[in-house]
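Written out below as structure tokens is the structure these notes cover.
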Amino acid sequence: PLHVVEQLNVADFLALLTAPQLKQTVSSYYRQYPDVQRAFRFLSCAYWLDLMVRTESMPEVYAFTSYLNASGLDVPKLIKIVVLALRP
């Protein structure tokens with residue numbers, strides 16, 4: 095028999111962390127840690143951006159994103175919130 099896993103509403107968990115809190119936390123780490131600064135530079139480089147475009151077009155990524163959406167996590171909305179919160 096198949097084991098039935100109860101769906102979790104991940105959106106409720108993520109709602110505990112607001113965009114201003116996220117921005118404040120990331121800004122604090124960015125100021126204090128050179129490794130975080132290097133990570134931000136890498137995440138802004140052309141290589142990483144190209145890799146993200148190629149990865150997002152993979153069927154497996156689409157299936158996983160669809161699964162997360164069905165589980166109650168609005169992935170596009172979450173990405174938009176994070177991107178807006180991390181803008182300077």
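Residue numbers (our numbering): 95 to 182.
We put the CB at the ideal spot given by N, CA and C, even for glycine.
| Item | Value |
| --- | --- |
| 9 Å Cβ cutoff, V176 in contact with chain C | Checking the listed chains, one finds no chain C in this structure; it contains a single protein chain. |
| Local conformation of M152 per DSSP, three classes | coil |
| Three-state secondary structure assigned by DSSP to T119 | helix |
| Distance, V177 Cα to P170 Cα | 11 Å |
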